[in-house]
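In UniProt numbering, the protein residues as written are 1 to 581.
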């Protein structure tokens, strides 16, 4: 719009200049034409005056042939030139006053020429009235003719002067007008240049400030766009870039905050898991030690069962011989009574071992449940061991009942020696049954020993896997700590960008910390294995004489104290503890 106005003014100045130049050229041509007409009129007047003087010269020469021969051709030639000038003036003069003056001059010239012709004829004829004609007719006609020429000449000069004055005024007006238009054009051009420069520099400065703000990390300053031209498009693009960068930084900051919170919680969870894993490893070590002691105890129990089997066979032989030798019944019955007490003690020990085995199997099942998928096989073995322990306990109870019955019968036999024969037969049957039961106990003890060995192997393997898991958990904790450090560094880098209040509020709503379940360690089911005391008996095991040792717990590797809790029979509690782990 501004450039169009400047171009329109320049076009107006050019058109005005062309018009003024054309007018000046036409005025100059008219002035030149007027000057030419004035010059022609002056030449006409001079030629007329010259011819008049020549006629006077002829009049004074008294018809001198030489003078006449000299002047008459000149007069004719000058008259011809005057005719050409008259025709030129008649063709060039267009004003009414000029035409009137020129017609008056033509009339006076014709009258003058007619009088001159009459004078020359009288002069040639020698007419004495020739001088009178010269003085009274020709000279007055010449004076009128020349006076008319002077009037036309003055008219021509007045036209030239007025034309020159008008041209000067027109030229001056044209210069003033062109100067005014030029000054107006320059003023408008300067104003438009200032406006255009301001319209360019202002948005450029705004764009520069916006770019500098973005470069310094300040994304809170919005760019207000009020233009629709190219600079408005530039500002709109910069504002769009700032908004896109704001959204990107907001998303990055939100993700960074979430990563920071999540990495902190992961690190805390890994540390807690590491502590739990170390505690589980310690408990497995204790379990392994307990299983080793349990293996030794079960082996000793198997040896005791084999010895009891041998004693039962001997008692059977003694009972047979007692049937033959009644005299030895009392002694044999006493030995049987004494042996029965020992067997009762052994059965009590076996019952205690079975109870302890049941408790250890329950603890092993709990630990296997805590171990998850890796402890499923161990849980099966522990279940079988528990079943064997229950069967051993039931057999021990049955044996104990039988032994009690045998003791009663032995007491009754001691009091009733007379019925020794019948009682001996019953004793033989009872001892045979005892022998069978002890054989079953021996077989069960062997199976229990084999099962305990397998459980011990599984516990050792589980201990190794737990140690490996502990190492992996420590590596995971270190990786989580590194991730936390990287997230904190990234958050510090993103904090360099300043966002507007609305974006920060939205960001604070989006980047709320994830609330995780409490990672506090759940109480672990841990019960110290009871010390197994060997049965007080004079029967020595058939092995290499290794005495049973009291169970000693190794110190846990973790500094976290193990929380002891009573063993629960229900499986629901175990599964709850497993979920907490």
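Ideal Cβ positions, reconstructed from N, Cα and C, are used throughout, including at glycine. Model, not experiment: these values are computed from the prediction.
Exercise for the section: Can you tell me which of 404, 276 and 148 puts its alpha carbon nearest to the alpha carbon of residue 339? Expected result: 404
Handout entry: 8 angstroms CB neighbourhood of residue 439 in its chain, flanking five on each side removed
Key = 309
Problem - Spatially closest choice to residue 490 from 80, 261, 220 and 89, by CA coordinates - result: 261
Problem - 8 angstroms Cβ cutoff met for residue 467 and residue 281 - result: yes
Handout entry: Distance between beta carbons of residue 376 and residue 402, contact taken as under 8 angstroms
Key = Contact flag wrong, Cβ pair sits at about 39 angstroms.
Practice task
Kindly identify the DSSP beta-bridge partner or partners of residue 218.
Solution key: 498
Problem - For residue 337, three-class secondary structure by DSSP - result: helix
Exercise for the section: Compute every distance between the C-beta of residue 376 and the non-hydrogen atoms of the ligand MN, then say whether any falls below 7 angstroms. Expected result: The model on display carries no ligand, and the ligand MN is accordingly not part of it.
Practice task
Measure the C-alpha to C-alpha separation of residue 265 and residue 463 and round it to an integer number of angstroms.
Solution key: 28 angstroms
Problem - Where residue 226 sits in the DSSP three-state scheme - result: coil
Exercise for the section: Since I believe residue 451 is in contact with residue 385 (beta carbons under 8 angstroms), could you give me their beta-carbon distance rounded to a whole number of angstroms? Expected result: 5 angstroms
Problem - Through-space distance from residue 471 to residue 311, alpha-carbon basis - result: 53 angstroms
Exercise for the section: Would you kindly check if the distance between the Cβ of residue 225 and the Cβ of residue 236 is under 8 angstroms? Expected result: yes
Exercise for the section: Grab the span of the alpha helix (DSSP H) containing residue 419 for me, first residue to last. Expected result: Counting along the chain, residue 419 falls outside any alpha helix (DSSP H), and DSSP gives it neither H nor E.
Practice task
Assign residue 62 to one of three DSSP states: helix, strand, or coil.
Solution key: coil
Handout entry: Burial state of residue 32, where buried means 16 or more other Cβ atoms lie within 10 Å
Key = exposed
Practice task
Return the CA-CA distance between residue 228 and residue 221, expressed in angstroms with no decimal places.
Solution key: 21 angstroms
Problem - Alpha carbon of residue 165 to alpha carbon of residue 176, nearest angstrom - result: 16 angstroms
Problem - Same chain, Cβ closer than 8 angstroms to residue 11, five either side skipped, listed in chain order - result: none
Handout entry: CB of residue 331 within 8 angstroms of CB of residue 456, strictly
Key = no
Problem - Proximity of residue 459 and residue 284 at Cβ, strictly below 8 angstroms - result: yes
Handout entry: Coil, strand or helix - residue 348 by DSSP
Key = helix
Practice task
Can you say whether residue 48 is buried or exposed, counting buried as having 16 or more other CB atoms within 10 angstroms of its CB?
Solution key: buried
Exercise for the section: State the CB to CB distance for the pair residue 613 and residue 78, rounded to an integer number of angstroms; the pair is presumed to be in contact (CB under 8 angstroms). Expected result: Summary: the structure shown does not reach residue 613, with the chain confined to residues 1 through 581, and so no result is reported for it.
Practice task
Take the Cβ of residue 484 as the centre, count every other Cβ of all protein chains shown within 10 Å, and call the residue buried at 16 or more, exposed below.
Solution key: buried
Problem - Cβ-Cβ separation, residue 350 to residue 396 (assumed contact under 8 angstroms), whole Å - result: 5 angstroms
Exercise for the section: Given a cut-off of 8 angstroms, decide if residue 425 and residue 406 are closer than it, judged by their beta-carbon atoms. Expected result: no
Problem - Pairwise C-alpha distance: residue 449 and residue 299 - result: 6 angstroms
Handout entry: residue 211 versus residue 205 - alpha carbon distance
Key = 10 angstroms
Exercise for the section: Just confirm the distance between the C-beta atoms of residue 336 and residue 410, as a whole number of angstroms; I'd bet it's less than 8 angstroms. Expected result: 6 angstroms
Exercise for the section: Could you tell me the distance, in whole angstroms, from the CA atom of residue 17 to the CA atom of residue 167? Expected result: 15 angstroms
Practice task
Compute the beta-carbon to beta-carbon distance between residue 245 and residue 214, rounded to the nearest angstrom, for a pair I have assumed lies under 8 angstroms.
Solution key: 7 angstroms
Practice task
Sort 58, 267, 373 and 481 by Cα distance to residue 130 and report the nearest one.
Solution key: 58
Problem - Among 134, 390 and 328, the one whose alpha carbon lies nearest that of residue 665 - result: Because the chain here runs from 1 to 581, residue 665 falls outside it and cannot be looked at.
Exercise for the section: Consult DSSP for residue 126 and reduce its assignment to one of helix, strand or coil. Expected result: coil
Practice task
Identify whether residue 531 lies in helix, strand or coil by the three-state DSSP scheme.
Solution key: Since pLDDT at residue 531 reaches only 46, below the 50 mark, its modelled position is unreliable, and the value read off the structure follows with that caveat. Note: residue 531 maps to coil in three-state DSSP.
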